[in-house]
Amino acid sequence: MKIAIIGTGHVGLVTGACFAQKGHKVICVDNNHGKIKSLQKLIMPFYEPRLEQMVRRNYKASRLIFSTDIKQAVNFAEIVFIAVGTPLGPGGGADLSQIRRVAKEIAHHLNHRYKIIVEKSTVPVGTAEEIERIIKLYAPENASFDIVSNPEFLQEGSAIETTLRPDRIVLGVKTKRADNIIRLLFASFNSKILVTDINSAELIKHAANSFLAMKISYINSLANICEKTGADIKSVAYGIGLDKRINPHFLNAGIGYGGFCLPKDISAFIHISDKLGYDFQILKAVRDVNNLQREFVVRKIKKSLRNNLKNRHIGIWGLSFKPDTDDIRESPSIYIIQKLLQEQAYIKSYDPYAMKEAQKVLPNIHYCRDPYETAYKTDCLFIATEWDIFKNISLPRLKAIMRQPIIIDGRNIFEPEKMKKLGFVYHGIGREEPQISQIK
Ligand code: UDX
Numbered sequence: 006m007k008i009a010i011i012g013t014g015h016v017g018l019v020t021g022a023c024f025a026q027k028g029h030k031v032i033c034v035d036n037n038h039g040k041i042k043s044l045q046k047l048i049m050p051f052y053e054p055r056l057e058q059m060v061r062r063n064y065k066a067s068r069l070i071f072s073t074d075i076k077q078a079v080n081f082a083e084i085v086f087i088a089v090g091t092p093l094g095p096g097g098g099a100d101l102s103q104i105r106r107v108a109k110e111i112a113h114h115l116n117h118r119y120k121i122i123v124e125k126s127t128v129p130v131g132t133a134e135e136i137e138r139i140i141k142l143y144a145p146e147n148a149s150f151d152i153v154s155n156p157e158f159l160q161e162g163s164a165i166e167t168t169l170r171p172d173r174i175v176l177g178v179k180t181k182r183a184d185n186i187i188r189l190l191f192a193s194f195n196s197k198i199l200v201t202d203i204n205s206a207e208l209i210k211h212a213a214n215s216f217l218a219m220k221i222s223y224i225n226s227l228a229n230i231c232e233k234t235g236a237d238i239k240s241v242a243y244g245i246g247l248d249k250r251i252n253p254h255f256l257n258a259g260i261g262y263g264g265f266c267l268p269k270d271i272s273a274f275i276h277i278s279d280k281l282g283y284d285f286q287i288l289k290a291v292r293d294v295n296n297l298q299r300e301f302v303v304r305k306i307k308k309s310l311r312n313n314l315k316n317r318h319i320g321i322w323g324l325s326f327k328p329d330t331d332d333i334r335e336s337p338s339i340y341i342i343q344k345l346l347q348e349q350a351y352i353k354s355y356d357p358y359a360m361k362e363a364q365k366v367l368p369n370i371h372y373c374r375d376p377y378e379t380a381y382k383t384d385c386l387f388i389a390t391e392w393d394i395f396k397n398i399s400l401p402r403l404k405a406i407m408r409q410p411i412i413i414d415g416r417n418i419f420e421p422e423k424m425k426k427l428g429f430v431y432h433g434i435g436r437e438e439p440q441i442s443q444i445k
């Protein structure tokens, strides 16, 4: 099929590359000329495993092209995906201005040749209806089109895998004609396809991300209880995850969720619920717990250094919001570093991919060549992101180079027993031994 993707962010570019990989002809469009020029030279705008090779292969096979011209894209395609950003707006809701602008532009280039316009960006329920209204307003009278909602569930760091083999594909459709065509497009993905009405499809996305965030805030709350009782969060998470109704995924306690999606989607969902007249209390608590978790971690680091960070040397392993990405948007690591800097700590950091991005928001910390340099002569090492390179470190060597062998492990990548045996002062999340006064 001939496909146009408007927006070459994480969702748009990965989706375009994956459709091309499936043998379709794809044109990816963006109004950022610099980005398109770079893509034409096969320079990726962000790091995502396997993406560059996939783009390269399909670009060379002429199945994937890049352009700034929406008109060319709409004329070419049978199916047009809208995958532009929906960032957080000033009031906490989703900023839909890019969606509206693109809808208007697409409308201008429609004609009697039937097209499907797919809403791929994460949007509040009811947005497809708005897109349809805009298109009808600006399109010529003979324009023939249908709107489909196809929410995206890809995860950064495993975006190719989660796009080619998603747990499910959700399609919100209104007409039989659109249903038949869009099902055909996804038939080769070998995933469960759920076809529903458009509003339900839109809601599924916000509902899914909120549920994931809820699991994380729940396990982080439990971790705090574990710290007060001497229970171990890993055993507790394993124990509850064995129940099939709960399942073991997304039960890793840590420093709170970050990234471009979960925080903004939770905020947008709260916002739209308020607008609809429903006070979504659980979700508000999920957000508050997540914000608090970062503060707990800052307190933990401070406590390990006797509540005085002035001129203390702290090494930070990891800047991205999770491993296998260079994305630092809403990264808890960045927030925590900013807090430590306010207390006049001296910060050194290493991240395999995210240092270039981090330099833009944290110009005044020291960036290191590897994890050892980061830990060298530090008073405390904080693990913010669970990259494999950190898990595979030589612990005796690490111990030997630190000024004080204090580790705050924000991702529980090491075992407390082993670390203590090696002579570290080690604090994980929800894995503390209780103080006697606390268990009385
Ligand atoms: C998320 C959704 O998972 C995905 O379906 C949607 O399409 C986009 O938003 P992503 O932002 O890539 O994907 O990250 P995700 O893997 O969900 O992780 C989000 C955050 O939660 C990260 O900061 C991660 O470290 C944290 N997390 C995740 C935990 O703290 N504990 C867990 O058990 C899982």
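So for the sequence shown, the working numbering puts the first residue at 6; every next one is plus one.
The beta carbon of each residue, even a glycine, is placed where N, CA and C say it ideally should be.
Go ahead and pull the three-state DSSP assignment for residue i.
{"i": "Phe-216", "result": "helix"}
{"i": "Glu-391", "result": "coil"}
{"i": "Tyr-243", "result": "helix"}
{"i": "Tyr-64", "result": "helix"}
{"i": "Gly-17", "result": "helix"}
{"i": "Asp-356", "result": "coil"}
{"i": "Val-366", "result": "helix"}
{"i": "Lys-425", "result": "helix"}
{"i": "Ser-442", "result": "Reliability of the predicted coordinates at Ser-442 is poor, the pLDDT of 46 falling under 50, and no value is obtained from them."}
{"i": "Ile-48", "result": "coil"}
{"i": "Asp-202", "result": "coil"}
{"i": "His-211", "result": "helix"}
{"i": "Leu-386", "result": "strand"}
{"i": "His-432", "result": "strand"}
{"i": "Asp-414", "result": "strand"}
{"i": "Leu-190", "result": "helix"}
{"i": "Glu-378", "result": "helix"}
Taking the beta carbon of residue i as the centre, do at least 16 other beta carbons fall within 10 Å, making it buried, or is it exposed?
{"i": "Gln-286", "result": "exposed"}
{"i": "Gly-422", "result": "The sequence given here places Glu at residue 422; Gly does not occur at that position. Exposed is the call here."}
{"i": "Ser-222", "result": "buried"}
{"i": "Pro-129", "result": "buried"}
{"i": "Thr-234", "result": "exposed"}
{"i": "Asn-369", "result": "exposed"}
{"i": "Tyr-262", "result": "buried"}
{"i": "Ser-154", "result": "buried"}
{"i": "Lys-425", "result": "exposed"}
{"i": "Lys-269", "result": "buried"}
{"i": "Ala-108", "result": "buried"}
{"i": "Glu-438", "result": "exposed"}
{"i": "Arg-436", "result": "buried"}
{"i": "Tyr-283", "result": "exposed"}
{"i": "Ile-441", "result": "With a pLDDT of 49 at Ile-441, under the threshold of 50, the modelled position of that residue is not reliable, and no figure is offered here."}
{"i": "Leu-142", "result": "exposed"}
{"i": "Pro-145", "result": "exposed"}
{"i": "Ala-99", "result": "buried"}
{"i": "Arg-292", "result": "buried"}
{"i": "Lys-239", "result": "buried"}
{"i": "Asp-384", "result": "buried"}
{"i": "Gly-21", "result": "buried"}
Report the option in the options whose CA atom is closest to the CA atom of residue i.
{"i": "Ile-1", "options": "Ile-306, Lys-361, Asp-100, Val-34", "result": "Outside the displayed span of the chain (6 to 445) sits residue 1, for which this structure offers no information."}
{"i": "Gln-26", "options": "Lys-7, Lys-42, Lys-396, Gly-244", "result": "Lys-7"}
{"i": "Ile-352", "options": "Ile-174, Ser-336, Cys-373", "result": "Cys-373"}
{"i": "Glu-157", "options": "Val-123, Ile-140, Lys-141, Arg-138", "result": "Val-123"}
{"i": "Lys-396", "options": "Asp-384, Pro-376, Pro-410", "result": "Pro-376"}
{"i": "Leu-56", "options": "Val-16, Thr-180, His-318", "result": "Val-16"}
{"i": "Ser-67", "options": "Phe-86, Ile-32, Phe-429, Asp-74", "result": "Ile-32"}
{"i": "Ile-321", "options": "Phe-301, Glu-378, Ser-72, Glu-300", "result": "Glu-378"}
{"i": "Thr-225", "options": "Thr-330, Ala-206, Leu-403, Ala-242", "result": "Note that residue 225 is Asn in the sequence shown here, rather than Thr. Residue Ala-242 is the option with its Cα nearest to Asn-225."}
{"i": "Ser-338", "options": "Ser-215, Pro-54, Phe-387, Gly-12", "result": "Phe-387"}
{"i": "Val-294", "options": "Leu-281, Ser-309, Ile-271, Leu-314", "result": "Ile-271"}
{"i": "Ala-389", "options": "Leu-281, Phe-255, Gly-415, Leu-400", "result": "Gly-415"}
{"i": "His-38", "options": "Ile-398, Ser-72, Ile-11, Lys-65", "result": "Ser-72"}
{"i": "Gly-433", "options": "Asn-257, Gly-264, Leu-288", "result": "Asn-257"}
{"i": "Ser-205", "options": "Gly-177, Leu-101, Ala-236", "result": "Gly-177"}
What are the partner residues of residue i, as DSSP defines its beta bridges?
{"i": "Lys-197", "result": "Arg-173"}
{"i": "Asp-151", "result": "Ile-121"}
{"i": "Val-130", "result": "Per DSSP, none; premise fails for Val-130."}
{"i": "Val-107", "result": "None, per the DSSP bridge assignment."}
{"i": "Cys-33", "result": "Ile-10, Phe-71"}
{"i": "Val-85", "result": "Ala-9, Ile-122"}
{"i": "Cys-373", "result": "According to DSSP, which records beta bridges pairwise, Cys-373 is partnered with nothing at all."}
{"i": "Tyr-262", "result": "According to DSSP, which records beta bridges pairwise, Tyr-262 is partnered with nothing at all."}
{"i": "Tyr-351", "result": "His-318"}
{"i": "Ala-99", "result": "Leu-93"}
Contact criterion: CB-CB distance below 8 Å. Does residue i meet it with respect to chain B?
{"i": "Ile-271", "result": "Checking the listed chains, one finds no chain B in this structure; it contains a single protein chain."}
* Residue ranges of each beta strand (DSSP E) run of no fewer than 3 residues wholly in the stretch 267-342, ordered along the chain? -> 318-322
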